[in-house]
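Structure first, commentary second.
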Amino acid sequence: MDRRAGLTYSRRVSGANPSEFALSTPLNRLYGVGAERCAQLARLGLLTLEDLFLHAPRRYEDRRHCTPIADLQADECAVVRGTIVACGVKYWSKRTRSLFELVLEDGTRRLHCQWYNCDFLERVYARGQELAVYGKVSGVRPFTMRHPEVEILDPGEEPSLHMNRIVPVYPLTEGLPQRWLRSLVWRNLQAFGRLIVEPHPGSLPEGFVSRLEAVRRLQFPDTLAEPDTARRRLAFDEFLELQLRMLTRRRNLQANAPGLVCRGDNRWIKPFLGGLSFKLTEAQTRVLREIRADLGGPHPMRRLLQGDVGSGKTVVAACAALMALESGCSVALMAPTEILAEQHWRNFQRWFDALGITVHLRTGSRKTETECGPTARSAAPALYVGTHALITEGVELENLGLVIIDEQHKFGVTQREALVRKGIYPHLLVMTATPIPRTLGLTLYGDLDVSVIDELPMGRGVIKTFVRTPDTLPKVWEFIRQKLATGRQAYVVYPRVEEGDLKSGAKAVREEYETLVRVLAPWKVGLLYGRLRPEEKEKVMADFRANQVQVLLATSVIEVGVDVPNATMMLVENAEQFGLAQLHQLRGRIGRGAHDSYCILVASRATDAALARLRVLADTTDGFRIAEADLALRGPGELLGQEQSGVPTFKFGDLRRDLPLIELARETAKRILTA
Ligand code: ADP
Ligand code: MG
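Residue numbers (the numbering used here): 39 to 713.
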């Protein structure tokens with residue numbers, strides 16, 4: 039870069055003292071950026087000098103090689119440089135339609151550039167102007183391009199910036215010219231590039247360019263390969279900052295918070311395990327050992343428990359809770375939905391009653407807690423089960439030793455933090471519903487240790503999954519009727535009515551309900567959706583659990599956790615509207631008993647892509663593989679559910695493919711913090 043030019047410019051823009059400028063300097067302080075430009079830049083999210091430097095081009099145009107017009111090939115893209123020799127508008131259809139055309143000459147031939155219904159262009163272009171145009175050649179007789187991208191080459195101004203090089207083409211907003219923005223980036227990079235320093239000098243792993251060089255390559259690359267190396271460096275920096283934040287948080291916790299001793303003495307766990315109708319799997323036992331070590335360790339536990347649907351996380355949670363309770367501490371268990379909270383409450387009550395432990399329920403609709411169990415004394419340690427109401431209602435949980443969050447991905451990171459702030463640094467166990475690909479795990483839960491239950495209990499029936507189109511529904515109904523006749527139960531899942539148009543959504547479910555009642559008679563059908571009153575929901579679930587109704591028509595409110603082993607069939611309608619991980623989670627509602635189970639995915643808008651996507655589920659029941667596929671196909675926001683998924687957004691980082699970078703960033707962060 040031309041240092042002297044940069045210096046002159048920086049003097050000019052900043053008055054006496056260019057050192058006043060920082061990366062955080064707002065753009066309106068830059069030379070040539072007035073109020074209007076500033077507003078346009080803000081629409082692109084560009085507020086500071088740093089934003090400008092990191093504004094990634096949409097693509098690059100290789101203008102090192104302009105193609106002579108005579109050499110243009112039909113259907114190929116090319117950059118042409120020439121002078122306007124003619125231009126004008128033609129109208130037809132009573133002037134409702136128009137064609138603006140300009141003719142460019144470069145000494146070899148003439149090129150016709152055409153725009154339909156853009157007659158205002160008449161005021162933009164004039165004969166004699168020199169242009170660079172980029173577009174696809176739509177014909178060669180005469181040479182024609184339709185709606186090419188154009189830049190007017192102003193002979194006075196930095197010609198080397200816009201021509202004879204690889205130029206960046208930026209995302210724009212109305213009124214903001216490409217060339218103006220390009221010049222702005224260029225000038226300021228010359229003047230203030232020195233502000234881009236290494237964030238952690240001496241800690242950069244091998245194989246990366248400097249940050250300044252990365253920005254230079256991002257904005258004005260010398261080769262077409264340079265932007266990739268730039269992205270790699272800038273993505274690494276993003277991941278590194280995140281890892282540093284997470285590891286710092288964790289270190290602060292360890293430095294400031296002693297761990298409560300919660301490892302227990304086995305007096306309740308022993309009879310509890312003895313009373314179960316099954317033995318823990320090896321994986322469950324191993325995970326419990328890890329948890330017990332944490333609960334007796336010097337720092338509060340921060341642990342993520344991963345395990346595929348049905349791997350038996352609830353029992354593990356119960357044992358962890360018992361350890362804390364045995365040590366005299368209370369425990370909070372948070373679930374993402376009321377249905378699930380109530381199910382846990384019922385289960386834990388059944389398990390803990392015999393041990394004399396009180397189990398309270400607190401959800402949004404049950405403001406007053408339900409006292410149960412033989413010892414309803416508030417001084418004794420107790421288990422509190424609830425939804426996020428546990429944290430939002432501002433309740434004080436006395437003597438809180440352990441917080442368990444079930445099906446974590448429905449809770450945001452902030453909620454996790456909020457609950458922890460309630461106690462005096464209680465231990466934290468986070469359980470995920472869906473296995474999480476490693477990139478996401480490190481990004482979202484990088485501050486947690488990880489335990490994995492990588493084994494399903496023995497004796498589970500097989501789940502067979504089929505992908506079908508709506509025309510086969512009559513056969514599907516017949517199949518379900520047969521299975522109902524053998525005593526099994528079924529779920530029919532309908533995309534959620536909570537979202538989008540509430541009225542028509544609810545109506546659609548009601549109509550579906552009537553259809554089901556008709557085609558499945560005499561079997562009884564229950565209806566469950568998010569907006570039912572809590573008592574109604576409970577009643578429907580109780581009827582289904584007791585086999586009073588055999589078929590449960592539900593929206594995805596049953597997605598997480600619901601456990602009715604006799605239900606062995608699931609029909610998912612409009613399955614293409616669900617994500618793969620979500621469908622896997624839904625499917626986890628069946629296959630919980632010894633009978634074989636059947637999952638039928640009906641794709642109503644059956645594009646080939648939709649069917650192919652759904653077939654991933656027919657091909658595997660491995661939650662990790664499915665989550666990876668979902669991440670690759672739909673991205674992290676979709677995988678985790680839009681609501682508060684807590685996924686940080688990256689400008690350069692890509693969670694779909696940057697695992698090596700993330701791991702490297704984590705290693706680097708550790709090294710920086712120990713240095
Ligand atoms: P998830 O991991 O999806 O939360 P659950 O905890 O709901 O799974 O467990 C699924 C079912 O498996 C429950 O009915 C539970 O009682 C049962 N289960 C858990 N552990 C075992 C085991 N070791 N052997 C047999 N069944 C088990
Ligand atoms: Mg569960």
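Note that CB positions come from ideal geometry on N, CA and C, so glycine has one too.
beta-carbon residue i near ligand 1 non-hydrogen atom, thresh 7 Å
{"i": "K575", "result": "no"}
{"i": "T593", "result": "no"}
{"i": "S489", "result": "no"}
{"i": "R672", "result": "no"}
{"i": "T492", "result": "Checking the displayed sequence, the identity of residue 492 turns out to be Asp instead of Thr. It does not: the Cβ of D492 is nowhere closer than 7 Å to a heavy atom of ligand 1."}
{"i": "D601", "result": "yes"}
{"i": "G629", "result": "no"}
{"i": "G661", "result": "no"}
{"i": "L318", "result": "yes"}
{"i": "T645", "result": "no"}
{"i": "K174", "result": "no"}
{"i": "P495", "result": "yes"}
{"i": "G312", "result": "no"}
{"i": "T352", "result": "yes"}
{"i": "G83", "result": "no"}
{"i": "S349", "result": "yes"}
{"i": "G499", "result": "no"}
{"i": "G691", "result": "no"}
{"i": "G345", "result": "yes"}
Residue i versus residue j - alpha carbon distance
{"i": "Y163", "j": "D109", "result": "25 Å"}
{"i": "R571", "j": "H622", "result": "27 Å"}
{"i": "V640", "j": "R627", "result": "17 Å"}
{"i": "H200", "j": "V207", "result": "10 Å"}
{"i": "F138", "j": "G126", "result": "6 Å"}
{"i": "Y129", "j": "E160", "result": "13 Å"}
{"i": "L210", "j": "L68", "result": "19 Å"}
{"i": "F91", "j": "R324", "result": "50 Å"}
{"i": "A523", "j": "E705", "result": "58 Å"}
{"i": "N290", "j": "H465", "result": "15 Å"}
{"i": "P187", "j": "R270", "result": "Just to set this straight, residue 187 is Glu in the shown sequence, not Pro. Approximately 29 Å, taken between the alpha carbons."}
{"i": "A373", "j": "A252", "result": "44 Å"}
{"i": "D157", "j": "Q615", "result": "42 Å"}
{"i": "R695", "j": "E276", "result": "15 Å"}
C-beta atoms of residue i and residue j nearer than 8 Å
{"i": "A613", "j": "L671", "result": "no"}
{"i": "A112", "j": "V178", "result": "yes"}
{"i": "R526", "j": "T606", "result": "yes"}
{"i": "P296", "j": "C367", "result": "no"}
{"i": "A362", "j": "L440", "result": "yes"}
{"i": "L669", "j": "L693", "result": "yes"}
Burial state of residue i, where buried means 16 or more other Cβ atoms lie within 10 Å
{"i": "A60", "result": "exposed"}
{"i": "A559", "result": "exposed"}
{"i": "P336", "result": "exposed"}
{"i": "F316", "result": "exposed"}
{"i": "V117", "result": "buried"}
{"i": "L314", "result": "exposed"}
{"i": "A650", "result": "exposed"}
{"i": "K351", "result": "buried"}
{"i": "N294", "result": "exposed"}
{"i": "A379", "result": "buried"}
{"i": "A77", "result": "exposed"}
{"i": "E236", "result": "exposed"}
{"i": "P180", "result": "exposed"}
{"i": "G411", "result": "The predicted model places G411 with a pLDDT of 41, which falls under 50 and marks its position as unreliable; any figure quoted below should be read in that light. G411 is buried by the Cβ-count criterion."}
{"i": "E58", "result": "exposed"}
{"i": "T687", "result": "exposed"}
{"i": "D509", "result": "exposed"}
{"i": "H103", "result": "exposed"}
Residue interval of the beta strand (DSSP E) (run including residue i)
{"i": "S715", "result": "Outside the displayed span of the chain (39 to 713) sits residue 715, for which this structure offers no information."}
{"i": "I204", "result": "I204 to V207"}
{"i": "F138", "result": "R135 to E143"}
{"i": "I442", "result": "L438 to I443"}
{"i": "C151", "result": "R148 to Y154"}
{"i": "L466", "result": "H465 to M469"}
{"i": "F181", "result": "F181 to R184"}
Endpoints, the alpha helix (DSSP H) within which residue i is located
{"i": "L298", "result": "That residue, L298, is in no alpha helix (DSSP H); it is neither H nor E in DSSP."}
{"i": "G668", "result": "With the sequence shown as reference, residue 668 is identified as Asp, and Gly is not the correct amino acid for it. From DSSP, the alpha helix (DSSP H) with D668 extends over G661 to R672."}
{"i": "R225", "result": "Q216 to F230"}
Contact test: residue i Cβ vs ligand 3 heavy atom, cutoff 7 Å
{"i": "Q322", "result": "Ligands displayed in this structure: ligand 1 and ligand 2; ligand 3 is not among them."}
Chain C contact for residue i (CB, 8 Å cutoff)
{"i": "R709", "result": "Given the protein chain composition of this structure (a single chain), no chain C is represented."}
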